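What follows is a single structure, written as C-alpha cells, with notes after it.
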Amino acid sequence: MAVIQPWRDEALRPTGAPAVGWEVPAFSGALEHCAGADAVVRADTQGAILWVRSPEADRAAMVYEVPELAAATAARDAAILQARAREQAGVAALWMVLGLLLVGSAAAFGHLQRGTWLIAVIFLAPAVIQWQQSRRAQRRLAADWAGYAQDSIGQHQVTWWLALRDHMRWLAIGLAAGIALVSILGLVLRTNRAAAVDLAAIRDGEVWRLLTGPILHAGPIHGIMNLAVWIWLSGWCAALFGRRVVLPVFLASMVLGALATITIGSGGPSVGISGGLTGLLGLLSVAAWRWRRHAMPALSRTVLINLALIAGVGVIGTGIIDNAAHLGGVVGGVVAGVAIVPRDPGPRATGVWWDWADRLAIAVLVAAIGGAGWLVWHASGGG
42 MAVIQPWRDE
52 ALRPTGAPAV
62 GWEVPAFSGA
72 LEHCAGADAV
82 VRADTQGAIL
92 WVRSPEADRA
102 AMVYEVPELA
112 AATAARDAAI
122 LQARAREQAG
132 VAALWMVLGL
142 LLVGSAAAFG
152 HLQRGTWLIA
162 VIFLAPAVIQ
172 WQQSRRAQRR
182 LAADWAGYAQ
192 DSIGQHQVTW
202 WLALRDHMRW
212 LAIGLAAGIA
222 LVSILGLVLR
232 TNRAAAVDLA
242 AIRDGEVWRL
252 LTGPILHAGP
262 IHGIMNLAVW
272 IWLSGWCAAL
282 FGRRVVLPVF
292 LASMVLGALA
302 TITIGSGGPS
312 VGISGGLTGL
322 LGLLSVAAWR
332 WRRHAMPALS
342 RTVLINLALI
352 AGVGVIGTGI
362 IDNAAHLGGV
372 VGGVVAGVAI
382 VPRDPGPRAT
392 GVWWDWADRL
402 AIAVLVAAIG
412 GAGWLVWHAS
422 GGG
C-alpha cells in the first residue's frame, strides 16, 4: 500500500469559517487507499470513523455516504463500535455498583442521611442513563447497522469541525487549581464565612463577596465535583463557541447566581461556582435547541442529563443546595445564548470586543481568587 501524506483540503472548510489562514491539521492515525477512493483517513483515534475525498469530488464525504465504501467497512466499524458500547456499559455498571456500595455502607454504619442520598444520586443517575444508552446502541448496531451509520453522519461531521476549534484546557485547569487552593485554605482555616456570599455583609458594603463567595467551596466533594464539571463544560463551550466566549459568560452567570442567592434565595452564606456552571449549561441548552436540525444528539443529551441532575439534586438537597444560584446562572447563560449562539453550527471568528471581554474576565477571576484567599487568611488572624 502506498504511503499517503497528510493532506489539507479547502473543501473541508465548514460554512462560516474564515478562509484566510484556515487549514485542516495533520490527521492522527493511519492513512490508506480504499475501494478506488483517492484517500481515506481515520479521523478518530479509535478507528471507527472514516472520511474520504475522491479526485472528482468537490467536498470530503463520510465513508457511510459512499455505498461501496460503507459496505466495505460495515463489518469492521460495527465490531469496533460494539466493543466501545460494551466498554461504556461496563464502566457505567461499575459506577452503579459504587453508588450502591456507598448507600449500603452508610446504612450499615447508621449514617444514611440526606447528604448520602445526594451523593448516591450523583453517582447513580448518570451511570444508569449511560448504561441504558450503551445497551440500546449495542442492540441497534446488531439489528440496523445501515440506519445507525446514516444517523451518525451529521453528528460526526459536527464532531469533525469541533476538533478544529481552539480549546482552553490549560487555562481551565489553571483556574481550577487556583480555586481549589483557596477552597482548601478556607476549609482548613474554617473561615469560609469571611468571603462567602452573605446578604447581611453585602448590605454593609462588602459587595466583593459576589465574586469571592463563589470561589470557595463547602467541602472536598463539593469542590471536586464543581471543578471537574468546570473543566468538562468549559471544554465543550470552547469547542462550540470559541474560547474567548467561555470566561465572560461563566463570570457573568456566576455573579448573577450570587445575586439570585441574596434576592430570591436564602441570602447565604453561600459558596461554590455552581452559578457559573449552570450558566454554561444554559448557553449549551440554547445551542442544543437552535442546532437541533444539525444532528447533535450528544449535545442535547448532555444538556438534558445535566439539567435533570441539577434539578434532582436541588430537590433532594433542599436546605443544603443553593437552588437560587443555579437558577440565576441558568437564566444568565440562556440570555447569553440567545444573544450569541448562531442559527447553525460552524466555526466563526469572534469579534475584537470578545478578546477584551475575555481578558477582563481572566483579570476579575484571578482577582477574585486572590481576594478570597486573602479574606479567609485574614479572618484566621494570619494577616
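With the sequence shown counted from 1, adding 41 to any position gets you our numbering.
Beta carbons are placed, not taken as given, at the ideal position from N, Cα and C, and that holds for glycine.
Note that this is a predicted model, so its numbers are computed, not measured.
Item: For A133 and V169, the rounded distance between their alpha carbons; Value: 7 Å
Item: Candidates A242, L251, L228 and A279: closest to I262 by CA position; Value: L228
Item: Straight-line gap, A8 to A120 (C-alpha atoms, nearest Å); Value: Not covered by the structure: residue 8. The range shown for the chain is 42 to 424.
Item: As assigned by DSSP and simplified to three states, the class of S326; Value: helix
Item: Same chain, Cβ closer than 7 Å to I305, neighbours up to 5 away in sequence not counted; Value: A365
Item: S224 - DSSP class collapsed to helix/strand/coil; Value: helix
Item: V270 to L288 span [Cα, whole Å]; Value: 14 Å
Item: Identified DSSP bridge partners for S311; Value: V238
Item: Within 8 Å, strictly: CB atoms of H258 and V312; Value: yes
Item: Cβ neighbour criterion (16 or more within 10 Å) applied to I265; Value: exposed
Item: Exposure of G414, with buried meaning 16 or more beta-carbon neighbours within 10 Å; Value: buried
Item: L401 - containing alpha helix (DSSP H), residue span; Value: V393 to A420
Item: Cβ-based neighbour list, V405, same chain, cut-off 8 Å, excluding 5 preceding and 5 following; Value: L252 and L292
Item: Opening and closing residue of the alpha helix (DSSP H) in which L274 lies; Value: P261 to F282
Item: Closest residue to S421 among I381, R234, S315 and N267 (Cα-Cα distance); Value: R234
Item: Cα-Cα separation, V379 to G145; Value: 45 Å
Item: G317 beta carbon less than 8 Å from that of P255; Value: yes
Item: For T319, the three-state DSSP class (helix, strand or coil); Value: helix
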